[in-house]
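J.:
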Amino acid sequence: MVWLLRKCVKCGRYTLKKDSCPYCNGEVRIPHPARFSPDDKYAIYKSALRGILNEENNNNREGES
1032 MVWLLRKCVK
1042 CGRYTLKKDS
1052 CPYCNGEVRI
1062 PHPARFSPDD
1072 KYAIYKSALR
1082 GILNEENNNN
1092 REGES
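Residue numbers (this note's numbering): 1032 to 1096.
(1) Report buried or exposed for C1052, applying the criterion of at least 16 other Cβ atoms within 10 angstroms of its Cβ.
(2) Whether or not the stretch 1054–1065 and the stretch 1073–1085 are in contact is what I'm after, with contact meaning three or more pairs of Cβ atoms, one per stretch, closer than 8 Å; do they touch?
(3) What residues match up with V1033 in a beta bridge as DSSP calls it?
(4) I'd like to know if the stretch 1067–1076 and the stretch 1033–1051 are in contact, where contact means that at least 3 CB-CB pairs between them fall below 8 Å.
(5) When the distance is taken between beta carbons, is K1041 closer than 8 Å to R1060?
Take a look at the structure:
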């Protein structure tokens, strides 16, 4: 499936142009989230990475207090 709609990072407007925003000439990205699949073969790796990132964030917060 091809995603046609793009969203400007700078001004937040939607456009069909793929190279840059016609209003502010900012960078455009695809605003749609990744497709969800309950049979995700990378789910184990994603949850492990999420756990590592949460630990790092908690350690950084404790050091600031």
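Backbone N, C-alpha and C define an ideal beta-carbon position, used for all residues, glycine too.
T.: According to the structure data:
(1) Position 21 of the sequence shown, counted from the start, is the residue given in the question as residue 1052. Classification of C1052: buried, given that the 10 Å Cβ count is 16 or more.
(2) no
(3) Position 2 of the sequence shown holds residue 1033. Answer by DSSP bridge pairing: none, since V1033 is not bridged.
(4) Three or more beta-carbon pairs separated by less than 8 Å are not found between the stretch 1067–1076 and the stretch 1033–1051, which leaves the two stretches without contact.
(5) Translated into positions along the sequence shown, residue 1060 becomes position 29. Translated into positions along the sequence shown, residue 1041 becomes position 10. Contact flag unset, no.
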